[in-house]
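So the protein sequences, as listed, match chains P and X. Just so you know, we're using this note's numbering here: the first sequence kicks off at 1 and counts up by one. Just so you know, we're using this note's numbering here: the second sequence kicks off at 1001 and counts up by one. Every residue, glycine too, gets a C-beta built ideally from N, C-alpha and C. I have placed the structure first, in the form of C-alpha cells, so that the comments after it can refer back to it.
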Amino acid sequence: MELEARRRRRLSTALKVGIAIVVVGIVIFGDAIAPYGYEKQVRNEPNAPASSIHFRDAEGNIHLRPFVYRRQLVDRLGYGYEEMSDRAYPLSMLVRGDEYSLIGLFSSDIHIFGTEDPEVRITLLGTDQLGRDRFSRLVIALRFSLIVCLVGTLLASLIGIIVGMISGFSGRLVDSALMGITDSVMALPTLILILAARAAFPLELPPFRAATLLIMIFALAGWAEMARLARGLVRATREQDYVAAAKGVGTSEPMILFRHIFPNIAPALITQATIMLPYFLLSEVALSFLGVGLQEPVPSLGNMLAAASDLGQLQQHPFLLLSPAVVIFIFVLFVRLISANFQRSGRGSQLV
Amino acid sequence: MNRFARIRPSYNVISFVIRKLVQGIFMFAAVSAISFALLANAGGDAFTALRDNPQVSDATIERLRETYGLDKPVTTRYFKWLTSFVTGDMGESIHFKVPVGGLVLSKLFYTALLGSAALLIAWTIALILAFLNALYKNRTLSRFIELLILMTASMPRIALSLFALAFFVWSSQSAFAVQSGSGISFAISAFVLAVPLIALFLAQSNSELTAAMNEDFVKLARSKGLSESTVIVRHASRAALNPLLTIFGLSLGGIIGGTVIVETILGWQGLGAMTVTAIRVRDVPLVMGIVVVTTVAVWLGNALAEILQMLNDPRLRDEIAS
C-alpha cells in the first residue's frame, strides 16, 4: 500500500514535470520545433497527405537514417500525389530553413528537424489547401492557445481569489452582495455571452489584440467559481485554532490573511485553476472555430479545425484534418489527470 | 401518507422565492444593459458593410439607420428597447426580417429538445452506473467508472462533434447515409452534447451515493430488513439527489453554450447555430434577444432546480433562508 502510494506519487511528479517541459518547450521553441514557417505557402503542394518516412529504398537497401521522397501532384482535382522514388532526401536534425524570431528577441533559422533540400518537404500531417505544412501550423497554434489559456486562467484566478477573500473576510452585507453577484455570474450562459461580447469588437483583429481581448473576456466570464471556492476556504480557515492564536497575539487582519490563511488554502486554489484551464482552452478553440477568435493566416487550434468544413478533404484525410482535435483531447486529458491527482493526494479542497 | 402533504409554503420558501426574483431582475438588468452598451459601441452595425457597396448611397444608409433607430444615443435606445421588451416586443431581426421574440423562442424550442435529450442520456448513464456501483461495490466496475469519468471529461464537444461529422461524411458514401435533421443525426448530436455531462453527473452521483450509503438512516433502513436495492433507491438516492440538482442547475449554462458548437457543426437548426449567424452578420436586436432569452431561461432552470431541492429535502426549507 505504502509502496504503491509512493510509486503513484513518483509517477505523478514525472507526469507534471513532463507536461511542464512540453508546455514550456512549445511556448519558447515552437518556431524551432515547427520545420517550416506557418505562413509559408507552397502552391504546387495543396492538400497533400502526410509524407511517408522510409527506411528502405527502391532497391531494397535498408538505411539507418530515415528519408522521404519527392512528391508530385498528378491529379489536380482530386489532389492525388505520386512519390518519385528516383532520389532519397534524408532527414536531418538542426537544419537551416525559414527565419523566425525566438521569443521576439533574436532571430534564427535553425529548425530541430527537417530535410536539407527546402524544395522537398517533410509534412508530418500533410498540407492544407494553400500548401502550408499542417504540423508546423499545429505547433504554432498550440503555442497560441497555451499562452491564451494560461494567462486567462491566471487572471481569472486572481480576480476570483481577490473577490473570494474580500467576501470571506467581510461582514454579512458585503459578503451576500458579492456572493449574489458571483452566483449570478456562475449561472450565466457563458459561451453565449462570450460570443456576444466578442461581437462587440471588430471581427478581424491582429493576433496580439485578439489574444488580449480573448484573455480579458475569459477572465471576466470565468472568475466566479474561483471566488466561491476562495470564500468558502477563507470562511473555514478563519475558524481554525492557529488563526485564533495569531489573532490572539495581535497580528493584523491582512497579515493573518497572507501569512496564515493564504498558504493553507493555496493548494486547493491551484487545483481549481487546473480545473479551469481546459475551459479557457476550449473557449478559445470554439471562438476561433466560429471565426471570431484568431484569424487566418495566424493558425489557432480552432481555425485549423474550421478546415474540416471542407467535407471532401474530411472524407479523404479525416485524421489529418482533425489532428488539432486530437491534440486538444490529449491536452485536456493530461490536465484532468493532473487535477485528479491533486485532488486525490489530499491537497485538494478538503475544507469545503 | 402523501409525502407532499408535509410541504407548506412556509415563510422561508416565500422569502427564498422573493430573493430569487430579485436576483433574476438584477441579472436581467445587468446583462441586458451591459450587452446593449457593448453592442451599441461595436465597431459597426448591420449597415456598416453597405458602405462598401457603390450602389447604396450614404443617404440610403442614413435613412436605414434612422428607420431602425440607430442614430439615437445609446441610453435612449436602451430604454426604448427595455420598454418594448416589457410589452413582449424585442424588435425585428435585421438579417431575418422577422420579430426577434418569436424567432428566438421557436429556435429555443429546438435547442431545448436537443438539451433535454442530452440530459436524459447523461442522467440515465450516470444513475445506472452509480446505482450498480453502490449495489455491487465491485472493484472493476468502480475502476471503469473512474476511467469513464476521465475520458468523458476530457472529450471536448468540439472534437467529438467533428469526429461525428467525419463519421457522417464517411457514412454518406457507404450503405447508410446520415442526413442532417434526421433522427440519427439528432441522436448523435444529443449524444455529443451529453458526453461532458456524463462525467459531471457520474462523478457527482457516484460519490454522493457512496457517501450516503454510510449514513445512519441508510443503516437503519438496512436493519429494518429492506433489500439492498430498495435501500439505495428509496433512502440513499433521495439523500444523494440534492447535490445532483445543484449540478443540474449549474450545468444549464454550459449546455446552452455547448449547443453553439454542436449545432453549428452537426447542422441542428437551433438557437446555438442561430447565435453564430447573428454575430457574424452583426444583427444587434437578434443578439440582444438571444442573450436575454438564454439568460432568463438558464435562471429559470436554476430557480427550478433549487425549488426541487427544497421539495426533496425538508431540512433545506428551514435552512436555506437563514
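Taking 7 angstroms as the cut-off, is the beta-carbon of residue i closer than that to any non-hydrogen atom of the ligand ZN?
{"i": "A1297 of chain X", "result": "This structure lacks the ligand ZN; in fact it carries no ligand of any kind."}
My assumption, with CB atoms under 8 angstroms, is that residue i sits in contact with residue j. Please give the rounded CB distance.
{"i": "A244 of chain P", "j": "R1282 of chain X", "result": "With a Cβ gap of about 57 angstroms, A244 of chain P and R1282 of chain X do not count as contacting."}
{"i": "L158 of chain P", "j": "S167 of chain P", "result": "Not really, about 15 angstroms apart at Cβ, beyond 8 angstroms."}
{"i": "A224 of chain P", "j": "G180 of chain P", "result": "At roughly 11 angstroms, the Cβ-Cβ gap does not stay under 8 angstroms, so A224 of chain P and G180 of chain P are not in contact."}
{"i": "M165 of chain P", "j": "A230 of chain P", "result": "6 angstroms"}
{"i": "P207 of chain P", "j": "V298 of chain P", "result": "5 angstroms"}
{"i": "I33 of chain P", "j": "V139 of chain P", "result": "5 angstroms"}
{"i": "S1093 of chain X", "j": "L1286 of chain X", "result": "4 angstroms"}
{"i": "I21 of chain P", "j": "L146 of chain P", "result": "In fact, because the Cβ distance is near 13 angstroms, the residues do not count as touching under 8 angstroms."}
Identify the contact partners of residue i in chain X, using a Cβ-Cβ distance below 9 angstroms as the criterion.
{"i": "Q315 of chain P", "result": "A1166, V1169, W1170, S1172, Q1173"}
Assuming contact is defined by CB atoms lying nearer than 8 angstroms, are residue i and residue j in contact in what I supplied?
{"i": "A340 of chain P", "j": "L322 of chain P", "result": "no"}
{"i": "T1295 of chain X", "j": "V1098 of chain X", "result": "no"}
{"i": "R71 of chain P", "j": "A48 of chain P", "result": "yes"}
{"i": "L214 of chain P", "j": "I265 of chain P", "result": "no"}
{"i": "W1114 of chain X", "j": "W1299 of chain X", "result": "In the sequence as presented, Trp is not what sits at residue 1114 of chain X; that position holds Leu. Cβ distance not < 8 angstroms, so L1114 of chain X and W1299 of chain X don't count as in contact."}
{"i": "G1253 of chain X", "j": "E1263 of chain X", "result": "no"}
{"i": "V977 of chain X", "j": "L1108 of chain X", "result": "With chain X covering only 1001 through 1322, there is no way to say anything about residue 977 of chain X."}
{"i": "T123 of chain P", "j": "F135 of chain P", "result": "yes"}
{"i": "K16 of chain P", "j": "D98 of chain P", "result": "no"}
{"i": "F1201 of chain X", "j": "L1244 of chain X", "result": "yes"}
{"i": "V1192 of chain X", "j": "A1166 of chain X", "result": "no"}
{"i": "I217 of chain P", "j": "A187 of chain P", "result": "no"}
{"i": "F144 of chain P", "j": "A211 of chain P", "result": "yes"}
{"i": "T373 of chain P", "j": "I270 of chain P", "result": "Here chain P covers residues 1 to 352 and nothing more, so residue 373 of chain P does not appear."}
{"i": "T1246 of chain X", "j": "A1305 of chain X", "result": "yes"}
{"i": "R1157 of chain X", "j": "I1232 of chain X", "result": "no"}
{"i": "A1159 of chain X", "j": "I328 of chain P", "result": "yes"}
Based on DSSP bridge pairs, tell me the residues matched to residue i.
{"i": "H54 of chain P", "result": "P:F67"}
{"i": "D133 of chain P", "result": "P:T127"}
{"i": "S1154 of chain X", "result": "None, per the DSSP bridge assignment."}
{"i": "Y279 of chain P", "result": "Answer is none; Y279 of chain P lacks a bridge partner."}
{"i": "L91 of chain P", "result": "P:T115"}
{"i": "G1249 of chain X", "result": "According to DSSP, G1249 of chain X bridges with nothing at all."}
{"i": "E82 of chain P", "result": "P:Q72"}
{"i": "R96 of chain P", "result": "P:I110"}
{"i": "S1057 of chain X", "result": "For S1057 of chain X, which the question treats as bridged, DSSP gives no partner whatsoever."}
{"i": "I62 of chain P", "result": "P:R56"}
{"i": "P1099 of chain X", "result": "X:E1092"}
Output, in chain order, the set of chain P residues within a Cβ distance shorter than 9 angstroms of residue i.
{"i": "K1155 of chain X", "result": "Looking at the sequence itself, residue 1155 of chain X is Met, so the reference to Lys does not match. Here the neighbours are F329, V332, L333."}
{"i": "T1294 of chain X", "result": "L188, P189, I192, L193"}
{"i": "G974 of chain X", "result": "Nothing can be reported for residue 974 of chain X: it is not among the residues displayed for chain X, which extend from 1001 to 1322."}
{"i": "L1038 of chain X", "result": "A196, A197, A199, A200, F201"}
Given that residue i touches chain X, what residues does it touch there, using C-beta distances under 7 angstroms?
{"i": "V186 of chain P", "result": "One detail in the question is off: residue 186 of chain P reads as Met in this sequence, not Val. By Cβ distance, chain X contributes L1250."}
{"i": "R336 of chain P", "result": "L1150, A1153, S1154"}
{"i": "L322 of chain P", "result": "L1162, F1163, A1166"}
{"i": "P49 of chain P", "result": "Residues of chain X passing the Cβ test: none, with the nearest at roughly 16 angstroms."}
Can you name the residues of chain P whose CB is closer than 7 angstroms to the CB of residue i?
{"i": "G1257 of chain X", "result": "P189, T190, L191, I192"}
{"i": "S1035 of chain X", "result": "A196"}
{"i": "A1159 of chain X", "result": "A325, I328, F329"}
{"i": "T1275 of chain X", "result": "I192, L195"}
{"i": "G1324 of chain X", "result": "A question about residue 1324 of chain X goes unanswered here, because the residues of chain X that appear run from 1001 up to 1322."}
{"i": "T1264 of chain X", "result": "L290"}
Note down, in chain order, every chain X residue with its Cβ under 8 angstroms from the Cβ of residue i.
{"i": "L91 of chain P", "result": "Here the premise fails: no neighbours, minimum Cβ distance about 30 angstroms."}
{"i": "P207 of chain P", "result": "In chain order: nothing, as chain X lies at least about 17 angstroms away."}
{"i": "G180 of chain P", "result": "Q1023, F1026"}
{"i": "A340 of chain P", "result": "L1150"}
Just to make sure I have the definition right: I need the residues of chain P whose C-beta is within less than 8 angstroms of the C-beta of residue i. Which are they?
{"i": "G1270 of chain X", "result": "Per Cβ cutoff of 8 angstroms: no residues; G1270 of chain X is ~12 angstroms from chain P at best."}
{"i": "V1260 of chain X", "result": "L191, I192, L195, A286, L290"}
{"i": "V1298 of chain X", "result": "A187, L188, P189"}
{"i": "N1302 of chain X", "result": "A187"}
{"i": "V1031 of chain X", "result": "L188, L193"}
- Item | Positions along the region 151 to 170 of chain P whose CB lies within less than 9 angstroms of some CB in chain X | Of all residues in the region 151 to 170 of chain P, none has a Cβ within less than 9 angstroms of some Cβ in chain X.
- Query: Quick one, which residues of the region 1012 to 1026 of chain X are near chain P if we go by CB-CB under 8 angstroms, in chain order?
  - Reply: Those residues of the region 1012 to 1026 of chain X placed with their C-beta closer than 8 angstroms to a C-beta in chain P are Q1023, F1026, ordered along the chain.
- Proximal residues, the region 1077 to 1089 of chain X versus chain P, C-beta separation under 8 angstroms: Here the close residues number zero.
- Name, going along the chain, the residues of the region 1114 to 1145 of chain X whose beta-carbon falls closer than 7 angstroms to a beta-carbon of chain P. For the region 1114 to 1145 of chain X, the set of residues with a beta-carbon nearer than 7 angstroms to any beta-carbon of chain P is empty.
- Item | Residues in the region 280 to 292 of chain P having any Cβ partner in chain X nearer than 8 angstroms | Under the 8 angstroms Cβ criterion, the region 280 to 292 of chain P contributes L282, V285, A286, F289, L290, G291, V292.
- Give, in chain order, every residue of the region 292 to 311 of chain P whose Cβ lies closer than 7 angstroms to some Cβ of chain X. Answer in chain order: V292, L305, A308, L311.
- Item | Residues of the region 61 to 73 of chain P whose Cβ lies closer than 8 angstroms to any Cβ of chain X, in chain order | Taking 8 angstroms as the Cβ-Cβ cut-off against chain X, none of the residues of the region 61 to 73 of chain P qualify.
- Item | Positions along the region 1279 to 1291 of chain X whose CB lies within less than 9 angstroms of some CB in chain P | Going along the region 1279 to 1291 of chain X in chain order, one finds I1279, R1280, R1282, V1284, V1287, M1288, I1290, V1291 with a Cβ nearer than 9 angstroms to chain P.
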